[in-house]
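Visitor: Residues in the sequence shown are numbered consecutively from 30, following my numbering. The C-beta atom is built at its ideal place from N, Cα and C for all residues, glycine as well.
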Amino acid sequence: MPRLFFVGGNWKCNGSREANRGFIEELNRAELPTDKVEVVIAPMSLHVESVVRSIRPEISIAVQNVFINKGAFTGELSPSAVKDFGLDWAIIGHSERRQIFGESDEFVGKKVEACLRASLKVIACIGETESERKANKTEEVIFRQLSAIKKELTRVQDWHHIVLAYEPVWAIGTGLTATPDQAQQVHETIRRWLASNVNSDVADTIRIIYGGSVKASNARDLASKKDIDGFLVGGASLVAAEFIEIARSHLLKHSRL
Numbered sequence: 030m031p032r033l034f035f036v037g038g039n040w041k042c043n044g045s046r047e048a049n050r051g052f053i054e055e056l057n058r059a060e061l062p063t064d065k066v067e068v069v070i071a072p073m074s075l076h077v078e079s080v081v082r083s084i085r086p087e088i089s090i091a092v093q094n095v096f097i098n099k100g101a102f103t104g105e106l107s108p109s110a111v112k113d114f115g116l117d118w119a120i121i122g123h124s125e126r127r128q129i130f131g132e133s134d135e136f137v138g139k140k141v142e143a144c145l146r147a148s149l150k151v152i153a154c155i156g157e158t159e160s161e162r163k164a165n166k167t168e169e170v171i172f173r174q175l176s177a178i179k180k181e182l183t184r185v186q187d188w189h190h191i192v193l194a195y196e197p198v199w200a201i202g203t204g205l206t207a208t209p210d211q212a213q214q215v216h217e218t219i220r221r222w223l224a225s226n227v228n229s230d231v232a233d234t235i236r237i238i239y240g241g242s243v244k245a246s247n248a249r250d251l252a253s254k255k256d257i258d259g260f261l262v263g264g265a266s267l268v269a270a271e272f273i274e275i276a277r278s279h280l281l282k283h284s285r286l
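1. Would you call Arg-285 buried or exposed, if buried means 16 or more other Cβ atoms sit within 10 Å of its Cβ?
2. Among Gln-186, Ala-110, Ala-212, Glu-47, which one has its Cα closest to the Cα of Pro-197?
3. On the DSSP letters alone, give me the boundaries of the beta strand (DSSP E) that Val-68 sits inside.
4. Name the residue from Asn-39, Cys-42, Pro-209 whose alpha carbon lies nearest to the alpha carbon of Ser-253.
5. When we look at the beta-carbon of Gly-204 and count the other beta-carbons within 10 Å, is it buried (16 or more) or exposed?
6. Spatial neighbours of Asp-258 within its chain, please: C-beta separation below 7 Å, excluding the five flanking residues on both sides.
7. From what residue to what residue does the alpha helix (DSSP H) around Val-231 run?
8. Determine whether the beta carbon atoms of Thr-206 and Asn-247 lie at a separation below 8 Å.
9. Is the separation between the beta-carbon of Ile-275 and that of Ala-232 shorter than 8 Å?
10. For Ile-172, which of helix, strand or coil comes out of DSSP?
11. For Gln-128, count neighbouring C-beta atoms within 10 Å of its own C-beta (all shown protein chains included) and say buried if the count is 16 or more, exposed if not.
12. Can you look up Cys-154 in the DSSP assignment and give me helix, strand or coil?
13. Report the CB separation of Lys-140 from Ile-191 in whole angstroms; it is logged as a contact under 8 Å.
14. What separation, rounded to the nearest whole angstrom, lies between the Cα atoms of Arg-277 and Ala-101?
15. What's the call for Cys-42, buried or exposed, on a 16-neighbour Cβ count within 10 Å?
16. Excluding sequence positions up to five away, which residues of its chain have a Cβ less than 6 Å from the Cβ of Gln-93?
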């Protein structure tokens, strides 16, 4: 069975009630073949409730981050609270969390496990910096990040609730994008690692999506690659027409299956 194409929109620390309202109205009117693409949007926590109330039911909402537990952790979201609110997804390990807030590979792994324990599905982000790529350390970095996640998972089936987002840090918000061949090479490498270190079923079925200055103008070429199963979109996810076009980019891939 082909892997269901996945497009996530990470709004980061952007949005207003008025801007969100216009975006959602346009997205609700759009022709999106939701039987062939899974769409998930991650607004700021402050806006989650209003977006949930107004978005079409086929589109899911994610939070952009959680902590590993509930309790005396001012400003954080617990996985159990996110699930209790009725949400199903969380973005974990984004490079901005790793670089700005100092989240280690080990901490990211623990957060992934905490989400799965609370029955939250996870968009788990991995990727190398520009200096790491120039030093030919891409594989070393992503294998280390994957190993930290694997260490926390006690059941193979947990991987079926994870979408892996390969986001080369040097391409996030820079206007630079990995070429389709560069992205495909890393996605294929991730799949081989999973086959060797988890099992072949997980490697075949897990969705590995690409993030890093994805736009409508490059989404179709990226989507045409065998091991690219969708996108985690940053800046372009704030423009409804652009995001809708990216969500439709799977049609080219689907037509070639």
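Guide: In this structure, then:
1. As a working mapping, residue 285 is identified with position 256 in the sequence shown. Caution applies to Arg-285, whose pLDDT of 45 falls short of 50 and renders its modelled position unreliable; the value that the coordinates give is listed next. Burial call: exposed.
2. Here residue 197 refers to the residue found at position 168 when the sequence shown is read from its first residue. Cα-wise, what sits closest to Pro-197 is Ala-212.
3. Within the sequence shown, residue 68 is the residue found at index 39, counting from 1. That run of the beta strand (DSSP E) goes 66–71.
4. Looking up residue 253 in the sequence shown gives position 224. Closest option to Ser-253, Cα to Cα, is Pro-209.
5. Taking the sequence shown and counting its residues from 1, the one referred to as residue 204 is at position 175. Its Cβ having fewer than 16 others within 10 Å, Gly-204 is exposed.
6. On the sequence shown, residue 258 is found 229 positions in, with the first residue counted as 1. Result list for Asp-258: Arg-32, Phe-34, Phe-35, Arg-236, Ile-237, Ile-238, in chain order.
7. The residue given as residue 231 occupies position 202 in the sequence shown. First-last of the alpha helix (DSSP H) with Val-231: 229–234.
8. Against the sequence shown, residue 206 aligns to sequence position 177. Against the sequence shown, residue 247 aligns to sequence position 218. Yes, Cβ-Cβ distance for Thr-206 and Asn-247 is below 8 Å.
9. Position 246 of the sequence shown, counted from the first residue, corresponds to residue 275. Position 203 of the sequence shown, counted from the first residue, corresponds to residue 232. Cβ distance not < 8 Å, so Ile-275 and Ala-232 don't count as in contact.
10. Here residue 172 refers to the residue found at position 143 when the sequence shown is read from its first residue. The sequence given here places Phe at residue 172; Ile does not occur at that position. Helix, per DSSP.
11. In the sequence shown, counting from the first residue as 1, residue 128 sits at position 99. Classification of Gln-128: exposed, given that the 10 Å Cβ count is below 16.
12. Within the sequence shown, residue 154 is the residue found at index 125, counting from 1. Cys-154: strand per DSSP, three-state reduction.
13. Translated into the one-based positions of the sequence shown, residue 140 becomes position 111. Translated into the one-based positions of the sequence shown, residue 191 becomes position 162. Contact flag wrong, Cβ pair sits at about 12 Å.
14. Position 248 of the sequence shown, counting from 1, holds the residue named residue 277. Position 72 of the sequence shown, counting from 1, holds the residue named residue 101. Going by the C-alpha atoms only, they are around 43 Å apart.
15. Residue 42 sits at position 13 when you count from the first residue of the sequence shown. Exposed: under 16 other Cβ atoms inside 10 Å.
16. Position 64 of the sequence shown, counting from 1, holds the residue named residue 93. Same-chain partners within the cutoff: Ala-71, Ile-120.
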